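See structure below.
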Amino acid sequence: MAIDFALRLLAICVFAVLAAFAARRLVFLFTLLQPVERIANSLYNPSVLLLIPARDERASLPTLFTTLDRLDYPPDRLRVVLINDGSADTTGELMATAAARRPNWRTLNLPSSVGKAQALNLALAGHDDGDIVYIFDADHRPQPDCLRKAVAAFADPRVAGVSGRTIAGNALASPAAFYSAVEAMVHQLITMRGKDVLKLGPALLGSNNGYRRSALAEVGGFRPGAFLEDSDLTLSLHRAGYTTRFVPDAVSFHQAPASIRGYVRQHLRWGRGFNDVARTHLSSLITNNSLSLPVRLELAIFSVGYLDRLALLLAIVLAAFNTARPLMLWGIGLNLGLPLIQILAAFTFDRALLGMWLRLPFVPLFFVLDAATAVWAIAAALLNRPRVWDKTERA
13 MAIDFALRLL AICVFAVLAA FAARRLVFLF TLLQPVERIA NSLYNPSVLL LIPARDERAS
73 LPTLFTTLDR LDYPPDRLRV VLINDGSADT TGELMATAAA RRPNWRTLNL PSSVGKAQAL
133 NLALAGHDDG DIVYIFDADH RPQPDCLRKA VAAFADPRVA GVSGRTIAGN ALASPAAFYS
193 AVEAMVHQLI TMRGKDVLKL GPALLGSNNG YRRSALAEVG GFRPGAFLED SDLTLSLHRA
253 GYTTRFVPDA VSFHQAPASI RGYVRQHLRW GRGFNDVART HLSSLITNNS LSLPVRLELA
313 IFSVGYLDRL ALLLAIVLAA FNTARPLMLW GIGLNLGLPL IQILAAFTFD RALLGMWLRL
373 PFVPLFFVLD AATAVWAIAA ALLNRPRVWD KTERA
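Quick note on the working numbering: the sequence shown kicks off at 13 and runs consecutively.
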């Protein structure tokens, strides 16, 4: 009898988590019917410090340099700093050659790797120009108008962080690259776009994103050693009274991991990063009365990262018991069905290529892999496994 009661209680708790995430997905899904507030301010051209952190990226840099040259932004308002984070290949030499040919480009060579967050801090410490700090990773290929459209959002003094849209240019290269592209499409076109429409603080991305320099300094810059410095800053900036924006028209293409191993390693790093974010910010968010209740709730849900995956796996286990089965089947159905509906909606909204539609059968397989990786990341955090930075796999 006691066991049945405990199972029922646990099932109710798990269902509550699954129901909360399902409701959130449904709300964001319906925002596809609402237009995004257009940001148009061609007269606003703040000074920009563009940071390019890289480690062992010699294959990516030549094409990146070409796309940076094509950026449609006033040259006298733009400074580019190429950061060599202790590379073992010829990344430093390529950066030095590129900077020597361009008057507004500089380099920062670090003798050993300090990680992306600290590398960015060191670049900021050495360059005091730039009202806006903008970041592209080495594999990104921004469209010419990307930077101009993104920084226009900073005309609003309340805005401290902005992200543009990132699109996987190799989405059809492999099943792993396809699913990474699907995740990014749903996250950006439904979740982040929905947050922007509802003014709920869209998350900042790790690349194709920018910060108001004064706000960044106010919250202490990039947290050294952070696996998700972008998510950490999303919450830090909101706690400091600022807001963030998502600008879907500011587009940059990038390379998603093409192998399952690369996909898993990237998601393990993200999972560990979300665990760090939750430990750092969750309690303060819950008690921060300066934020509106909707914003506080959304940022708290965001901070717990992959909790929905863990709840889904637990629901599958509980469904084996008669006492919990009916409630768990409802929870499982909601949290498998709604993500699929979101994918179909995002494909339709974005007019996805036929090749993307034809690869939809891969989705259920990666659902399972994604959930298992989330549990692995939580276990690694609980067991205090060594924190190892893995270079993101390039196609």
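A virtual CB, placed ideally from N, CA and C, is assigned to each residue, including glycine. Note that the structure is predicted; figures quoted are calculated from it, not measured.
Ile15 counts as exposed, since fewer than 16 other C-beta atoms from the protein chains shown sit within 10 angstroms of its C-beta.
Residue pairing for Ser125: DSSP places it in no beta bridge.
Ala34 and Leu352 have their C-alpha atoms some 12 Å from each other.
For Thr246, there is no enclosing beta strand (DSSP E); the enclosing alpha helix (DSSP H) has its first and last residue at 241-251.
Taken through DSSP and simplified to helix, strand or coil, Tyr146 comes out as strand. In its chain, beyond the 5 residues on either side, Leu247, Val289, Ala290, His293, Leu294, Leu297 have a beta carbon closer than 7 Å to the beta carbon of Ser315. Under the three-state reduction of DSSP output, Pro154 falls in the strand class. DSSP places Asn287 inside the alpha helix (DSSP H), whose first and last residues are 272-298. Fewer than three beta-carbon pairs drawn from the region 169-188 and the region 104-112 are found closer than 8 Å, and the two stretches are therefore not classed as touching. In this structure, Val48 is the residue among Leu381, Phe379, Val48 with its C-alpha nearest to the C-alpha of Met204. Using a Cβ distance threshold of 7 Å, Thr103 and Arg153 do not count as a contacting pair.
The beta carbon of Tyr85 sits closer than 6 Å to the beta carbons of Leu159, Arg160 from its chain, once the five residues preceding and following it are set aside; these are given in chain order.
By the CB criterion at 7 Å, Ala327 and Gly345 fall outside the cutoff. Counting of Cβ neighbours within 10 angstroms places Leu61 among the buried residues, the total reaching 16 or more.
As DSSP reads the structure, His266 sits in a beta bridge with Ala180.
Segment contact: the region 125-133 against the region 220-239, three or more CB-CB distances shorter than 8 Å; contact assigned. Straight across, the Cα-Cα distance linking Ala137 with Gln200 is about 31 Å. For Leu44, the closest of Leu365, Ala392, Phe359 by C-alpha to C-alpha distance is Phe359. Counting along the chain, the unbroken beta strand (DSSP E) around Ala66 starts and ends at 60-66. Following the DSSP letters along the chain, one finds Val26 in no beta strand (DSSP E) but inside the alpha helix (DSSP H) bounded by residues 14-42.
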